[in-house]
Amino acid sequence: MLTYQAAPGIDVISSHTAIPGLGFVPINAFVLHGAEPILVDAGAMVDRDEFMTTLRTVIDPGDLRWIWLTHPDFDHIGALSPLLSENPRIRVITTFLTVGIMGLFDPLPMDRVYLLNPGQHLEVGDRTLHAIKPPAFDNPATTGFLDSKTGGLFTSDCFGALLQGPPPESATDLAMSDLRDGQVTWATIDSPWLHTIESDVLARRLDDFRRIDAATVFSSHLPPAPGHMLRHLITSLQAVPGAQPFSAPDQAALEQLFAQNVSGNVG
């Protein structure tokens, strides 16, 4: 797990996981420094302890005032519970659906939740957070936002990509063809419903997103990208409906993988 500054006042806490045969998936959270510091998502459950240790190198958790929870998947909520326990002043910005899902396994205290829907905004100290619905997602609770202070566009799982190696600190360090292929593969796995949507409907939705004036694009599963790359990222999504649907490995493939590993260990 590592940290780096992706834009003035925005630190990335990044890890990644390797998926055999497919590539590497970045897992990002973000700290927005300011009058009322914000953590965007809270890392993966499996990395909870390491995430808390790494977070302390970026900010004292006691200084956080908000956590923007894009959605309640296990790679976004890892350190949420310990952070709420450690700092009683933190409030969680999220949606009604997220609260309902969390209630099935780790309920959020309702007096510490701020419900914000796409199309609404919230004044947070020296910035305004404009809630948006990303054009691709794997959880219906997903909500991103545009930050008025930095121009950062936070898109959750949208624009994620399977990479051919450990993720760099900027999407500009990726070959554009590799980025496109990685995005398309990721979207066929993470948002398979894109295969069923009418192309003109998707085009209109992407056109709306294309008009956003972003200084930097932040994704949970892609290195940060400068705003001028937003059009490239959107064009890649347009290719998903016509791409080959993802075919997951079955038991035979799993047994073959085991056999290869045993053979490799023997050799």
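Anchor point for the sequence shown: position 231 equals 231 in full-length UniProt numbering, and the numbering is continuous, going up by one each time.
Beta carbons: idealized from backbone N, C-alpha and C, even for Gly.
Assuming the contact rule is C-beta atoms closer than 8 Å, residue i and residue j should be a hit. Round their C-beta distance to whole Å, please.
i    : j    : result
A171 : P223 : 5 Å
P134 : S199 : Not really, about 18 Å apart at Cβ, beyond 8 Å.
L80  : A42  : 4 Å
P8   : T150 : 7 Å
Let me make sure I understand the geometry here. Which of the options has the alpha-carbon closest to that of residue i?
i    : options                : result
G125 : T185, T70, G23, S148   : S148
L110 : P167, T143, F96, Q244  : It should be noted that the sequence gives Met, not Leu, for residue 110. When each option's Cα is compared against that of M110, the closest is F96.
F30  : V46, L104, E50, Y4     : Y4
V46  : G34, I59, T17, F159    : T17
L32  : D63, M52, E50          : D63
P192 : E169, S156, P226, F137 : F137
D75  : Q244, L257, N139       : N139
D208 : L84, A248, G119        : G119
P88  : P61, I212, F51         : P61
I132 : R205, A44, Q256, I19   : R205
Please classify residue i as buried or exposed, where buried requires at least 16 neighbouring CB atoms within 10 angstroms.
i    : result
G182 : buried
G267 : Summary for G267: the model assigns pLDDT 49, below 50, so the residue's position carries little reliability, and this model does not support an answer.
F154 : buried
P37  : buried
N261 : exposed
T54  : buried
V92  : buried
T70  : buried
A253 : exposed
S156 : buried
S220 : buried
L233 : buried
Could you tell me which residues DSSP pairs with residue i in its beta bridges?
i           : result
residue 271 : The structure shown has nothing for residue 271, since the chain only spans 1 to 267.
P226        : T216
I27         : S15
D147        : L129
L115        : T94
Does the beta carbon of residue i come closer than 8 Å to any beta carbon on chain C?
i   : result
I13 : The chain labelled as chain C is not found in the depicted structure, where only one protein chain is given.
Any 3 or more C-beta pairs closer than 8 Å across the region 18–33 and the region 161–170: Cβ pair count under 8 Å is three or more, so yes.
Cβ contact check for the region 112–120 and the region 83–98: 3 or more pairs under 8 Å: Between the region 112–120 and the region 83–98 there are three or more inter-stretch CB-CB distances shorter than 8 Å, so the stretches are counted as touching.
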